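A.B. asks:
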Amino acid sequence: MTRTRTAATAALAISSALVLAACGGGSSTDSGGSDLTGAVRVDGSSTVYPLTALAAEDVMAANPGVQVTVAASGTGGGFEKFCRGETDANDASRAIKDEEAANCAAAGIDFAQLTVATDALTVVVNKENTWATCLTVEELAKIWAPDSTVANWNEVRADFPDEPLKLFGPGTDSGTFDYFTDEINGEEGASRADYTPSEDDNVIVQGVSGSKGGLGYFGFTYFEENADKLNAVEIDSGAGCVAPSVESAQDGTYTPLARPLFVYPSKQALAQPQVKAFFDYYIANDAAIAEAALFIPLNEEQRAQLEADYAALSGS
């Protein structure tokens, strides 16, 4: 999916000095700093895209000889390229599937799953929707189940108004689609097909904001960027209604739609100095990058695990 990064870019507050420090200090006798050259190629999740893109902007600003390309063809589409050796890393909004891991193994690509931030997948409705302030997981399943014929809000709950339900959501290559269908419908990819799918989050925003009965879902950051156009729905998974937020995602109360976000670099790619320098910076400044991109930073335990997982892969 494609998305804008206006809010994330405006929020960036990481200094070039940090980049130079993370990339080798700028010495003319080592592989870091302004003497670093080469390409870094990352593809995958549009949800994770702002994180990696911000790190890329910083590293390229401090190292003019490095070209970091970050694309967003979706988690699944990105893994196809990664496991063919076409990219150095894949951004992912869900864990790698067994068949994807097998493809990587067959191609001799070693990798690690690095958790870089937390997200709260957010269900959104039109600003004029004053009734669906909270939905249960069962109601979401009733709406999105593969065999669902629900076409009106009063079919979701009897006291909801007689208003046509219009659905918008991510396409099937999206990790967001995989995660939502797994958690809500009990199986990855299990979803009704009569909705408007798009790899462009802006299309979902436009669809829901343009229809009084609209409903859709995507990452929390993208909702924050469009909170003037949409309302976020609280979710009741059995313990009461909980709104998506930094706090509810970190403390585990926003269930089942709080999720980790990942980056998968390959060990082979990290043997290249410019790729290693990029990820050294990314991991060292992960908390600042997450905050700048308006994501939920890792807690201390998660942060320690990230550092350990990266050290094991990179040998640093």
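For what it's worth, the numbering used here labels the leading residue of the sequence shown as 935, then goes sequentially. Every residue, glycine too, gets a C-beta built ideally from N, C-alpha and C. Being a predicted model, the structure only gives us computed values, none of them experimental.
1. What are the boundary residues of the alpha helix (DSSP H) that includes D992?
2. Roughly how many angstroms separate the alpha carbons of V1197 and G1011, rounded to a whole number?
3. Taking DSSP as the reference, what is the three-state secondary structure of N1233?
4. Going by beta-carbon coordinates alone, are L1164 and V982 separated by less than 8 Å?
5. Name the DSSP beta bridge partners of P1104, please?
6. How would you label T986, buried or exposed, when you count the other beta carbons within 10 angstroms and need 16 or more for buried?
7. Determine the DSSP secondary structure at A1026, reduced to helix, strand or coil.
8. Under 8 Å, do D1185 and C1068 count as touching if we go by C-beta distance?
9. Just list the beta strand (DSSP E) runs in the region 1079 to 1128, keeping only unbroken ones of 3 residues or longer that don't cross its boundaries, in chain order.
10. Rank A1221, Q1140 and E1122 by C-alpha distance to the C-alpha of T1130 and give the top, closest one.
11. Just to confirm before moving on: does the CB-CB distance between E1168 and V1180 stay below 8 Å?
12. Candidates N997, S980, Y1151 and P984: which alpha carbon is nearest A973's?
13. Using 8 Å as the threshold, is the region 1034 to 1045 in touch with the region 1054 to 1064, meaning 3 or more CB pairs across them?
14. Please work out which residues of its chain come closer than 7 Å, Cβ to Cβ, to Q1206, disregarding the five sequence neighbours upstream and downstream, and give them in chain order.
15. With H, G and I counted as helix, E and B as strand and the rest as coil, what does DSSP make of L1074?
16. Please say whether A1124 and T1115 have beta carbons closer to each other than 8 Å?
17. Once you ignore the five residues that flank T963 on each side, which residues in its own chain have a CB closer than 8 Å to its CB?
18. Tell whether a beta-carbon distance below 8 Å holds between S1027 and Y1113.
19. For E1159, count neighbouring C-beta atoms within 10 Å of its own C-beta (all shown protein chains included) and say buried if the count is 16 or more, exposed if not.
20. Taking Cβ to Cβ, would you say D1025 is nearer than 8 Å to R975?
21. So, T1110 versus G1153, is the Cβ gap smaller than 8 Å?
22. How long is the line joining the alpha carbons of L1191 and A1054, rounded to whole angstroms?
23. Report the option in G1144, V1142 and G1105 whose CA atom is closest to the CA atom of T1132.
24. Below 8 Å on the Cβ atoms is my contact criterion, and I expect Y1244 with L1048 to pass it. Report the Cβ-Cβ distance as a whole number of Å.
25. Between the beta-carbon of V1071 and the beta-carbon of I1118, is there less than 8 Å?
C.D. replies: Let me spell this out:
1. Run containing D992: Y983 to A996, per the alpha helix (DSSP H) assignment.
2. Spanning the alpha carbons of V1197 and G1011 requires a straight line of approximately 14 Å.
3. coil
4. no
5. Looking at the DSSP assignment, P1104 forms a beta bridge with S1132.
6. Counting Cβ neighbours within 10 Å, T986 comes out buried, since at least 16 surround it.
7. strand
8. Against a cut-off of 8 Å, the Cβ pair of C1068 and D1185 comes out as no contact.
9. Taking 3 residues as the shortest admissible run, the region 1079 to 1128 contains the following complete beta strand (DSSP E) segments, listed from N- to C-terminal end: 1100 to 1104.
10. The option with the nearest alpha carbon to T1130 is Q1140.
11. no
12. That would be N997, whose Cα lies nearest to the Cα of A973.
13. Touching, no.
14. Listed in chain order, the non-local C-beta contacts of Q1206 below 7 Å within the same chain comprise G972, local neighbours out to five positions each way being set aside.
15. L1074 carries a helical assignment under DSSP once its states are collapsed to helix, strand and coil.
16. Pairing T1115 with A1124 gives a Cβ-Cβ distance under 8 Å.
17. Bear in mind that a pLDDT of 29 at T963, under 50, signals an unreliable position, so the number given afterwards is only what the model happens to contain. The answer is none, since no qualifying residue turns up.
18. yes
19. buried
20. Cβ atoms of D1025 and R975: not closer than 8 Å.
21. Between T1110 and G1153, the C-beta spacing is below 8 Å.
22. Rounded to whole angstroms, L1191 and A1054 show a C-alpha spacing of 6 Å.
23. Sequence inspection shows Ser at residue 1132; the Thr mentioned does not correspond to that position. Ranked by Cα distance from S1132, the first of G1144, V1142 and G1105 is G1105.
24. 6 Å
25. Yes; because the gap between Cβ atoms is below 8 Å, this pair is in contact.
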